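Novice: Dropping a structure here in structure tokens format, bear with me for questions.
So this is what it looks like as structure tokens:
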């Protein structure tokens with residue numbers, strides 16, 4: 001016999017299936033550690049519940065001035081001066097619509113609302129129309145100096161409104177547009193176009209080139225291509241831009257204070273004049289302010305779906 005040890009190894013003779021896997025305890029402990037404990041899940045549930053309560057409280061606190069304005073517009077001046085708007089929470093019988101009747105009888109406020117519509121609607125439509133046309137041209141048409149012109153448009157985004165008040169006032173005064181509704185519309189259109197062109201150009205550039213080429217092969221010209229293909233696809237972005245432009249023009253006071261007709265001003269200037277001249281007529285100021293705020297809210301909620309679609313489309317692209 002040789003000098004080697006012939007004693008058999010007991011671990012070698014043991015079947016492989018009988019030996020415990022060394023990784024089994026580790027995997028079991030890993031799966032046990034991956035599952036959150038009951039305490040962790042309970043604390044997460046309490047945290048989410050506390051977060052929801054906080055968000056609801058913050059929303060109610062943010063809406064408190066709006067609620068106060070609404071109730072102030074529905075309370076008579078006598079009751080408002082004697083106790084404040086919060087008294088109607090315990091005495092709803094004091095609510096009345098007489099303030100809105102006085103508002104409709106005030107020619108200054110009603111005329112200012114019509115003037116505001118006459119400024120906001122054309123300024124919004126002009127920005128949407130010209131911005132969509134320019135955005136399509138910068139995105140899909142080839143012409144000399146296109147990139148440099150687009151860089152100039154982007155550079156105009158940083159120009160503040162206050163810088164242009166004096167030179168534009170002199171220009172409008174020389175051509176007869178100072179203190180006119182047309183002058184205010186042109187000013188808002190000029191300062192709304194750079195952002196409109198920038199936004200719509202970037203949105204239109206994401207349209208697949210194959211789709212436009214297929215329409216051209218079918219015989220569609222540029223105008224037909226723009227109206228039948230590009231505009232339907234860009235409707236969410238155009239709706240979002242329209243909401244922003246309308247809200248900006250409707251709530252503007254600086255441009256209206258400088259360029260609008262002082263005899264027939266927009267609603268923001270008219271309310272400011274009411275405060276300055278008749279500081280105690282809260283029965284006109286409260287419903288006028290709430291109505292001025294309610295119109296943009298109605299516009300926003302009416303186009304809320306298009307606004308969300310435009311934002312989500314831009315995020316996805």
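Numbering (UniProt numbering), first residue to last: 1 to 317.
A virtual CB, placed ideally from N, CA and C, is assigned to each residue, including glycine.
As the structure is a computational prediction, the values presented were derived from the model and not from experiment.
1) What residue does the alpha helix (DSSP H) around residue 296 start on, and which one ends it?
2) So the alpha helix (DSSP H) residue 179 belongs to, where does it begin and stop?
3) Please list the terminal residues of the continuous alpha helix (DSSP H) segment that includes residue 98.
4) Alpha carbon to alpha carbon, how far is residue 66 from residue 304? Give it in angstroms, no decimals.
5) Should residue 56 go down as buried or exposed, given a rule of 16 or more other Cβ atoms within 10 Å for buried?
6) Which residues in the same chain have their Cβ closer than 6 Å to the Cβ of residue 68, if we skip the five residues on either side of it in sequence?
7) As a quick exercise: from 259, 71, 250, pick the residue whose alpha carbon is nearest that of residue 93.
8) Let me make sure I understand the geometry here. Which of 107, 104, 299, 128 has the alpha-carbon closest to that of residue 194?
9) Which value, in whole angstroms, describes the spacing of the CA atoms of residue 286 and residue 300?
10) Does the distance from the C-beta atom of residue 253 to that of residue 274 stay below 9 Å?
11) Per DSSP, what are the beta-bridge partners of residue 95 in this structure?
12) My assumption, with CB atoms under 8 Å, is that residue 266 sits in contact with residue 119. Please give the rounded CB distance.
13) Hey, residue 191 and residue 259: beta-carbon distance below 9 Å or not?
14) In this structure, does DSSP put residue 147 in helix, strand or coil?
15) Identify whether residue 202 lies in helix, strand or coil by the three-state DSSP scheme.
Specialist: On the basis of the data shown:
1) Segment 282 to 302, the alpha helix (DSSP H) holding residue 296.
2) Taken as a continuous stretch (DSSP letters only), residue 179 belongs to no alpha helix (DSSP H), as it is neither H nor E.
3) 98 to 105
4) Straight-line Cα distance between these residues: approximately 20 Å.
5) exposed
6) Correct list, in chain order: 85.
7) 71
8) 128 is the residue among 107, 104, 299, 128 whose C-alpha sits nearest the C-alpha of residue 194.
9) 22 Å
10) no
11) 75
12) 6 Å
13) no
14) It is helical.
15) The answer is helix: DSSP assigns residue 202 an H, G or I state.
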